[in-house]
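For the record, in the sequence shown the residue sitting at position 110 is 110 according to full-length UniProt numbering, with numbers rising by one throughout.
We put the CB at the ideal spot given by N, CA and C, even for glycine.
To start, the structure under review is shown below, and the notes come after it.
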Amino acid sequence: MVKVYAPASIGNVSVGFDVLGAAVSPIDGTLLGDCVSVEAAETFSLQNAGRFVSKLPAEPKENIVYQCWERFCQEIGREVPVAMRLEKNMPIGSGLGSSACSVVAGLMACIWRATPKKPISARP
């Protein structure tokens, strides 16, 4: 299994959204970011979990992590059958890069799963 954590980002500082978000962290000490786990499977599946799971689309094909996996498979020219789990621990629409976190974590996990024996520099 491959598990990738993508933390909140603060790239949109000029409008102020991320400055406020950067100053706030969960009281319980949990991490503010998304985790995507990927493991080999016979067919694709996506499981959602985390504090903000209720804000995600119920249909897997509408989930940005699914769309990331689908695009990855198109780019490498083959389908990589995996079981993915998205732990959504960042508020959606917060201005902290929630969608980007899901995409980066999903893409990195797919790359590591699809090319486990290649050095990092040789991966797509």
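Local conformation of residue i per DSSP, three classes
i: V4; result: strand
i: E70; result: helix
i: S94; result: coil
Residue span of the alpha helix (DSSP H) that contains residue i, given as start and end
i: L46; result: First-last for L46: S45 to A49, but that is the beta strand (DSSP E), not the alpha helix (DSSP H).
i: G106; result: S98 to A114
Residue i, enclosing beta strand (DSSP E) - first and last residue
i: M90; result: Careful: M90 lies outside any beta strand (DSSP E) and carries neither H nor E.
i: G77; result: No beta strand (DSSP E) contains G77, which DSSP labels as neither H nor E.
Exposure label - residue i; buried when at least 16 CB within 10 Å
i: A41; result: exposed
i: R123; result: Caution applies to R123, whose pLDDT of 49 falls short of 50 and renders its modelled position unreliable; the value that the coordinates give is listed next. So R123 ends up on the exposed side.
i: R113; result: buried
Rounded Cβ spacing between residue i and residue j (contact assumed at less than 8 angstroms)
i: N89; j: L31; result: 6 angstroms
C-beta contact flag for residue i and residue j at 8 angstroms
i: V38; j: C110; result: yes
i: G33; j: A8; result: yes
i: L86; j: N48; result: yes
i: A6; j: A105; result: yes
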